[in-house]
DNA sequence: TATTGTTATACTCTATAACTATA
DNA sequence: TATAGTTATAGAGTATAACAATA
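Protein chains in written order, with this note's numbering: chain A, 1136 to 1289; chain B, 1136 to 1289.
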């Protein structure tokens, strides 16, 4: 069937619609390959789920962030954030300070152990991204970046 | 926190690593928005799952395709293909002809009802893709296409 | 009343492997 | 022995809503 080489594919020429050229499909495949691909790395090396990795990375980036902000910024539902926070806390990699001005919410930050974990993860992430980026032209990488900015924001 | 406007984000400047710029994360978000976005359309309008939609679209494109080929070309495990095929058959939208030269496998094709369903889905898909593409420059769309071809093939 | 975050429930999805039947 | 496809099992993930605490 050779889905990857349209010009040699057999009788797809009826015309109407090619899934292979459909942007949402392309993005689903790319995400499966890349995001899920990297997830396999940190899942087996560190036992982190995707929400846990995103929450950890966010707390490293924005000290004293609140759960609500993580959900909004990272496309994670609040239940996923809550579970990730609970798990990261059990693990001793984050700490949770209740906001004294509004006791419903808490500020999240890394413990020293969390900073260690994050410091181990970042080079893996950068390596992984580099092997992907090396397969793209600079224009392609830039176009992906701006496509992301345009499509992901609204 | 304003993840979408890095330049105004608060104290992310520690430097190391920004999830927002991490390609696998970007692709996961884009896929969630686009592929899952379109999935919501056909799930509620036609009761199709993502594997069902992909299998249907593939059979429409490649008449007399075999389950094995669908899995290989569409990034679907064989169990997902099997379930999608069973469901589409129960629904009367595909038919299954056992290959007489090798009775382990079957050729899949659309029934008239399946062609109807596909004919309803295609314009929705094209509309959906068009609204996305309209938000990109031609260069961005081309770059996405070639990034897909490079990263999805190996 | 509205909001932050947690928990419970049920449901779906999927990874794995066992299995059937063919080859 | 190997392959196409199905089915069983169990575990993970998630949507929903109910809930507690606070505002």
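All residues carry an ideal CB built from backbone N, CA and C; glycine is no exception. In this text, all values refer to a predicted model and were calculated from it rather than measured experimentally.
A direct Cα-to-Cα measurement between residue 1269/B and residue 1155/B gives close to 23 Å. Residues of chain B with a Cβ closer than 7 Å to the Cβ of residue 1281/A are, in chain order, 1275. Under the three-pair Cβ rule at 8 Å, the stretch 1152–1170 of chain B does not count as touching the stretch 1187–1202 of chain B. By the C-beta criterion, the stretch 1247–1260 of chain A is judged not to be in contact with the stretch 1240–1251 of chain B, since fewer than 3 inter-stretch pairs fall below 8 Å.
For residue 1230/A, the three-state secondary structure derived from DSSP is strand. When Cβ-Cβ separations below 9 Å define contact, residue 1257/A makes contact with chain B.
Residue pairing by DSSP puts residue 1241/A in a beta bridge opposite 1233/A. For residue 1177/B and residue 1189/B, the gap between their C-alpha atoms comes out near 11 Å.
Secondary structure at residue 1200/A: strand, using DSSP grouped into helix, strand and coil.
The beta carbons of residue 1174/B and residue 1185/B sit about 5 Å from each other, so the pair counts as a contact at 8 Å.
Residue 1236/B counts as exposed, since fewer than 16 other beta carbons sit within 10 angstroms of its beta carbon.
When secondary structure is reduced to three states using DSSP, residue 1151/B falls in the coil class, being assigned neither helix nor strand. Taking 9 Å as the cut-off, the beta carbon of residue 1287/A is found no closer than this to the beta carbon of residue 1274/B.
For the pair residue 1215/B and residue 1207/B, the Cα-to-Cα distance works out to about 12 Å. For residue 1181/B, the closest C-alpha among the options 1213/B, 1223/B, 1262/B and 1231/B is that of 1223/B. Per DSSP, residue 1249/A is one residue of the alpha helix (DSSP H) stretching across 1247–1268. Look at residue 1182/B here: in three-state DSSP terms it is coil, with no helix or strand label. With contacts defined as CB atoms closer than 9 Å, residue 1221/A and residue 1211/A fail to qualify as a contacting pair. When DSSP states are grouped into helix, strand and coil, residue 1273/A belongs to the helix group. Residue 1173/B reaches chain A at 1159, counting residues in chain order whose Cβ is nearer than 8 Å.
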